[in-house]
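Enquirer: What follows is a structure written as structure tokens; I'll ask about it next.
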């Protein structure tokens with residue numbers, strides 16, 4: 001699927017790209033190819049699940065591609081329809097390097113998804129409480145006491 005919509009003022013409103021094709025380029029580590037692929041779509045292009053390419057790269061734990069997308073001004077604060085951010089996905093993947101670069105680029109540390117879960121909640125639920133990604137989030141000031149929709153906090157999971 002090629003980009004399907006953009007603003008007529010030169011700014012992209014919503015642009016969708018073929019996520020599978022992006023993944024192929026990302027897995028190849030082709031940074032030039034990524035820039036070329038995004039073309040008019042821009043660094044905040046979304047796939048058919050309404051996830052940005054930055055979210056896809058964070059979920060894959062591809063630090064090099066995440067850094068390139070941030071260099072291209074990808075917005076680390078964007079969410080998908082379920083409230084998931086790139087930082088949530090890095091936390092689920094347990095990728096401390098990606099989490100750190102996203103935080104340094106301005107990603108909020110305590111965004112909540114549709115279940116009121118923060119990246120720290122996901123990191124503690126999916127990894128050991130003393131994992132590197134948990135440490136990165138705590139150093140950045142993540143709140144251990146924020147409770148999800150079931151009343152469970154990251155502190156409870158540690």
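In UniProt numbering, the protein residues as written are 1 to 158. Ideal Cβ placement from N, Cα and C applies to all residues, glycine included.
Where residue 112 and residue 24 are concerned, what is the direct C-alpha to C-alpha distance, given to the nearest angstrom?
Expert: Near 30 Å, if we compare the C-alpha coordinates of residue 24 and residue 112.
Enquirer: Helix, strand or coil, according to DSSP, for residue 32 in the structure here?
Expert: It is helical.
Enquirer: Looking at C-alpha atoms only, which residue of 31, 97 and 37 is the closest neighbour of residue 61?
Expert: It is 97 whose Cα lies nearest to the Cα of residue 61.
Enquirer: Which residue comes first and which comes last in the alpha helix (DSSP H) that contains residue 104?
Expert: Per DSSP, residue 104 belongs to the alpha helix (DSSP H) from 96-104.
Enquirer: Compare the Cα-Cα distances from residue 80 to each of 22, 108, 87 and 51 and report the closest residue.
Expert: Of the listed residues, the one whose Cα sits closest to residue 80 is 51.
Enquirer: Give the single residue among 132, 131 and 124 whose Cα lies nearest to the Cα of residue 144.
Expert: Answer by Cα proximity: 124.
Enquirer: Near residue 87, which residues of its chain fall below 8 Å by C-beta distance, leaving aside the five closest residues on each side in sequence?
Expert: Excluding sequence neighbours, residue 87 sits near 58, 76, 99, 102, 103, 107, 108, 109, 111 and 119.
Enquirer: My output table needs one value for residue 156: the three-state DSSP class, helix, strand or coil.
Expert: Looking at residue 156 - three-state DSSP - the assignment turns out to be helix.
Enquirer: What number of angstroms, rounded off, separates the C-alpha of residue 149 from the C-alpha of residue 129?
Expert: Near 20 Å, if we compare the C-alpha coordinates of residue 129 and residue 149.
Enquirer: Kindly indicate the opening and closing residues of the alpha helix (DSSP H) around residue 126.
Expert: Start and end: 119-126.
Enquirer: State the Cα-Cα distance for the pair residue 43 and residue 94, rounded to the nearest angstrom.
Expert: Between residue 43 and residue 94, the C-alpha separation is close to 24 Å.
Enquirer: What do you get for residue 28, buried or exposed, if any count of 16 or more other CB atoms within 10 angstroms of its CB means buried?
Expert: The residue in question, residue 28, is exposed, as its Cβ has fewer than 16 Cβ neighbours within 10 Å.
Enquirer: What is the rounded straight-line gap between the Cα of residue 66 and the Cα of residue 31?
Expert: Cα-Cα distance, rounded: 10 Å.
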